[in-house]
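**Student:**
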Amino acid sequence: MKLSHYDYLVVGAGISSAVFCHEAAKLGKTCLVIDRRDHIAGNIYTEDVQGINVHRYGAHIFHTSLRPVWDYVNRFAEFNNYVNSPVAVYKDELYNLPFNMNTFSKMWGIRTPAEAVEIIERQKAEAADLIGEGEPKNLEEQALSLIGRDVFEKLIKGYTEKQWGRSCTELPPSIIKRLPVRLIFDNNYFNALYQGIPNGGYTQMVANMLQGVEVRLGVNYLANKAELDALADRVIYTGPIDAYFDYSLGTLQYRSVRFETETLACPNYQGNAVINYTDAETPYTRIIEHKHFEFGSTEPGTKTVISREYSAEWKPGDEPYYPVNDDKNSALYAKYKALADAEPHVVFGGRLGEYKYYDMDKVIESALACVAVQMDKINQYKA
20 MKLSHYDYLV VGAGISSAVF CHEAAKLGKT CLVIDRRDHI AGNIYTEDVQ
70 GINVHRYGAH IFHTSLRPVW DYVNRFAEFN NYVNSPVAVY KDELYNLPFN
120 MNTFSKMWGI RTPAEAVEII ERQKAEAADL IGEGEPKNLE EQALSLIGRD
170 VFEKLIKGYT EKQWGRSCTE LPPSIIKRLP VRLIFDNNYF NALYQGIPNG
220 GYTQMVANML QGVEVRLGVN YLANKAELDA LADRVIYTGP IDAYFDYSLG
270 TLQYRSVRFE TETLACPNYQ GNAVINYTDA ETPYTRIIEH KHFEFGSTEP
320 GTKTVISREY SAEWKPGDEP YYPVNDDKNS ALYAKYKALA DAEPHVVFGG
370 RLGEYKYYDM DKVIESALAC VAVQMDKINQ YKA
């Protein structure tokens, strides 16, 4: 039932908003959710194509070591036990990720952790001689100092430069302060206690969170801001922070992603959900085969859906994905943050509102904390 006034206008129908609204509703607060898109769930939206849950905006694999967050999402969906084990293709060679004994065995023809350590340490020493004294000055020097030249040249350099559209010598070392290196034969990418994909897809999970909450789709908040703001006491804004202020201080940089998705008349295209292409010559960064995120979907005679991902520099009209958190953009965000702090009835949240890349579990943790803060403020005001 539509109301004439709400406690919260929530801009964006992604997972952060869904968690906030679900918790606020339990506390007796009314929320109106709006989104400029024609669907809920934001970038974790999944749609049924040929009976396969396709991740329209790129692969999203839920993983966390936060038990309260894991318990929380399992209220709204049953998760399968998918384990992320990507494969890298460098020209005609296949390597397991993350960097582990399967990777090193293939790369160097070795069998033991001691052999791997000897090669890595030798290459790190060679890199140290090349870099000289002091801290690594860019991503290339950082990678060489952590893993050596062989792994860097084959599995990091080309992929990273495609992803960021810049040479590794132009990227800050902070992007890869740590690299997952395992001296065991284990292809599990995440160091997380829990991981999986919700059965039925993420869209249904978010719909379950938003049950009983009014949602209006195809609504452009910034084009109708005054009219929409008048509908609620407070605003939870999860869009780009610079767009909220009409880019008055300049435009924050993002990397965007373009997807080429096609349905193929074969039951199994690549044998894995995620395959990265780490050479510079292949224009896309990876291919996702969506059916492999679930189970029992590779029977002979069925079709499959794949998505090729192309990284690109963001421009107005594109979907912003990854904030470019270098010194220049961080300084600009700090100025926008100061403007945001002067908006007492608006909470800026999520990866776009905070200009920060969030894993899903951290988004949920942040949204739960936001509800607690809002309730405290209301109670203080009443007191």
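In terms of the working numbering, the sequence shown opens at residue 20 and continues consecutively.
Think of the CB as a built atom: it goes at the ideal place given N, C-alpha and C, for glycine as much as any other residue.
Thinking C-alpha only, which one of 199, 73, 216 and 277 is nearest residue 209?
**Tutor:** When each option's Cα is compared against that of residue 209, the closest is 199.
**Student:** Just reading off the beta strand (DSSP E) that residue 40 is part of, what are its end residues?
**Tutor:** Note, residue 40: premise wrong, no beta strand (DSSP E); alpha helix (DSSP H) at 34-45.
**Student:** For residue 312, does the three-state DSSP call read helix, strand or coil?
**Tutor:** In the structure shown, residue 312 sits in a helix (DSSP, three-state: H, G or I).
**Student:** Going by beta carbon distance, what residues of the same chain come within less than 6 Å of residue 97, once the five residues before and after it are set aside?
**Tutor:** These residues qualify, in order along the chain: 218.
**Student:** What is the DSSP secondary structure of residue 72, reduced to helix, strand or coil?
**Tutor:** Residue 72 falls in the strand class under three-state DSSP.
**Student:** Would you kindly work out how many angstroms separate the C-alpha atoms of residue 402 and residue 395, rounded to a whole number?
**Tutor:** Residue placement at residue 402 is flagged as unreliable, the pLDDT there being 43, under the threshold of 50; a coordinate-derived value is accordingly withheld.
**Student:** How would you write the range of the beta strand (DSSP E) that residue 54 sits in, first residue to last?
**Tutor:** Run containing residue 54: 50-54, per the beta strand (DSSP E) assignment.
**Student:** For residue 367, which residues in the same chain have their Cβ closer than 6 Å to its Cβ, ignoring the five residues on either side in sequence?
**Tutor:** So the list reads 256, 260 and 359, once near-sequence residues are dropped.
**Student:** Might you give, ordered along the chain, the residues of its own chain that have their beta carbon closer than 8 Å to the beta carbon of residue 19, omitting 5 neighbours on each side?
**Tutor:** Nothing about residue 19 can be reported from this structure: the residues present for the chain run from 20 to 402 only.
**Student:** Take residue 383 as the anchor and find which of 85, 344 and 205 has the nearest alpha-carbon.
**Tutor:** Residue 85 is the option with its Cα nearest to residue 383.
**Student:** By how many angstroms is the C-alpha of residue 62 removed from the C-alpha of residue 214?
**Tutor:** Whole-angstrom Cα-Cα distance: 18 Å.
**Student:** Is the CB-CB distance between residue 304 and residue 381 below 8 Å?
**Tutor:** Against a cut-off of 8 Å, the Cβ pair of residue 381 and residue 304 comes out as no contact.
**Student:** Just mark residue 339 as buried or exposed, buried being the case when its beta carbon has 16 or more other beta carbons within 10 Å.
**Tutor:** Buried is the call here.
**Student:** Is it buried or exposed, residue 173, if we count other Cβ atoms within 10 angstroms and call 16 or more buried?
**Tutor:** That one is buried.
**Student:** Please give the ranges of any alpha helix (DSSP H) in the stretch 316-402, keeping only runs that are unbroken, at least 4 residues long and fully inside the region.
**Tutor:** Complete alpha helix (DSSP H) runs here, min 4: 346-360, 369-372 and 379-401.
**Student:** Mind checking residue 371: buried by the 16 CB within 10 Å criterion, or exposed?
**Tutor:** Answer is buried; the Cβ neighbour count reaches 16.
**Student:** Indicate whether the contact test is met: 3 or more Cβ pairs, each with one atom in the stretch 217-232 and one in the stretch 186-194, closer than 8 Å.
**Tutor:** Contact between the stretch 217-232 and the stretch 186-194 is absent, because fewer than three Cβ pairs lie under 8 Å.
**Student:** Roughly how many angstroms lie between the CA atoms of residue 161 and residue 149, to the nearest whole one?
**Tutor:** If I take the Cα positions, the gap works out to 12 Å.
**Student:** Report yes if the C-beta distance between residue 74 and residue 309 is below 8 Å; otherwise report no.
**Tutor:** Yes, the pair counts as a contact, with Cβ atoms nearer than the cut-off.
**Student:** Would you say residue 202 and residue 120 are within 8 Å of each other, going by their C-beta atoms?
**Tutor:** A contact, by the Cβ cut-off of 8 Å.
**Student:** Sort 311, 77, 183 and 223 by Cα distance to residue 101 and report the nearest one.
**Tutor:** Among 311, 77, 183 and 223, the Cα nearest to that of residue 101 is on 311.
**Student:** How would you call residue 285, buried or exposed, if buried means at least 16 neighbouring beta carbons within 10 angstroms?
**Tutor:** Exposed: under 16 other Cβ atoms inside 10 Å.
**Student:** Assuming residue 348 contacts residue 272 (C-beta within less than 8 Å), just tell me the rounded distance between them.
**Tutor:** Confirmed, Cβ separation roughly 5 Å.
**Student:** With H, G and I counted as helix, E and B as strand and the rest as coil, what does DSSP make of residue 22?
**Tutor:** In the structure shown, residue 22 sits in coil (DSSP, three-state: anything other than H, G, I, E or B).
**Student:** So, with DSSP's three-state summary, where would you put residue 211?
**Tutor:** Note: residue 211 maps to coil in three-state DSSP.
**Student:** According to DSSP, which residues form a beta bridge with residue 278?
**Tutor:** According to DSSP, which records beta bridges pairwise, residue 278 is partnered with 328.
**Student:** So, is residue 176 buried or exposed, given that buried needs 16 or more other C-beta atoms within 10 angstroms?
**Tutor:** With 16 or more other Cβ atoms within 10 Å, it is buried.
**Student:** Compare the C-alpha of residue 178 against each of 93, 69, 388 and 329 and name the closest.
**Tutor:** It is 329.
**Student:** Excluding sequence positions up to five away, which residues of its chain have a Cβ less than 8 Å from the Cβ of residue 197?
**Tutor:** For residue 197, where only same-chain residues beyond five positions count, the Cβ hits under 8 Å are 165.
**Student:** Which residue marks the beginning of the alpha helix (DSSP H) containing residue 179, and which one marks its end?
**Tutor:** Taken as a continuous stretch (DSSP letters only), the alpha helix (DSSP H) holding residue 179 covers 176-183.
**Student:** Does residue 248 come out as helix, strand or coil in the three-state DSSP assignment?
**Tutor:** It is helical.
**Student:** Taking the straight line between their C-alpha atoms, what separation do you get for residue 245 and residue 108?
**Tutor:** So the alpha carbons of these two residues sit roughly 51 Å apart.
**Student:** Straight-line CA distance for residue 298 to residue 27?
**Tutor:** Spanning the two alpha carbons is a distance of roughly 48 Å.
**Student:** In whole angstroms, what separates the C-alpha of residue 234 from that of residue 32?
**Tutor:** Residue 234 and residue 32: Cα-Cα distance of roughly 8 Å.
**Student:** I'd like to confirm the pairing. Which residues does DSSP put opposite residue 107 in its beta bridges?
**Tutor:** Residue 107 pairs with 114 and 295.
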